[in-house]
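Worksheet: the structure to be examined is printed underneath.
Protein chains: 2
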Amino acid sequence: MPVISLNEIEIRKPLPGFKGQFIHTDKITIAFFEIEQGAELPEHSHHHEQISTIIEGRFELNLGGETIIQEPGKVTVIPSNIPHSGKALTFCKVIDVFCPVREDYKK
Amino acid sequence: MPVISLNEIEIRKPLPGFKGQFIHTDKITIAFFEIEQGAELPEHSHHHEQISTIIEGRFELNLGGETIIQEPGKVTVIPSNIPHSGKALTFCKVIDVFCPVREDYKK
């Protein structure tokens, strides 16, 4: 810190088809994901707020019973504790921001 | 919410050469900036943590006496209350995340 080169930080594979790089500050986790076409996000929820920004590709998100197509120019706010799941319709690059810090992503 | 189209939210001009769009959740502000080449960020500080991700372009950031060239693939963490200033070396697209919410950007 303060400048972090993404090519120098660990690439994690939290789910099949998902590659993620994580930066944790005191209050925020920012995650840079590359997701293979067809990769699936099983339904889950967490107490963290999440803001999801698609840089490239299309991702179908099911959020609290609603289906959303995430694509560049759209930003999705996932409130605390709302179940969500999804599927990459194409290869995707996604930036997810969480507050508070995702302690589970530090393990 | 939960899906926000960036082409439907207000474009603000907080500084000469800076166009910003802001989304505020309970805990986070996310800002999408387009910055003209040569535009300057005067020295300032704030108690909010900030994570700055450059999507396009090069931005020279002076952070606590250190000069950083922000460019794609690099992520800058600006801790609370550290003075910072800068200049867009080229046209830039930047995503800045703040915690807590930037109440001053709601006005």
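Those sequence lines, one after another, are chains A and B. Quick note on numbering: the first sequence equals residues 65 to 171 in our numbering. Quick note on numbering: the second sequence equals residues 65 to 171 in our numbering. Quick reminder that beta carbons are idealized off the backbone N, C-alpha and C, glycines included. All of these numbers come straight from a predicted model, not from anything done at the bench.
Rounded to the nearest whole angstrom, the C-alpha separation of lysine 77(B) and proline 164(A) is 29 Å. Counting along the chain, glycine 102(B) sits inside no beta strand (DSSP E), nor does DSSP assign it H or E at all. In this structure threonine 154(B) is exposed. Its beta-carbon is surrounded by fewer than 16 other beta-carbon atoms within 10 angstroms. Contact between isoleucine 118(B) and proline 136(B) holds: their C-beta atoms lie close to 6 Å from each other, under 8 Å. Annotation: isoleucine 118(B) has no Cβ neighbours in chain A at a cutoff of 9 Å; minimum Cβ distance is about 11 Å.
Here DSSP, grouped into helix, strand and coil, assigns asparagine 71(A) to helix. For phenylalanine 82(A), the closest of Phe162(A), His111(A), Phe123(A) and Leu127(A) by C-alpha to C-alpha distance is Phe123(A).
For phenylalanine 96(B), the nearest CB of chain A lies under 9 Å from its own CB, placing it at the interface with that chain. Taking 9 Å as the cut-off, the beta carbon of glutamine 101(A) is found no closer than this to the beta carbon of serine 116(A).
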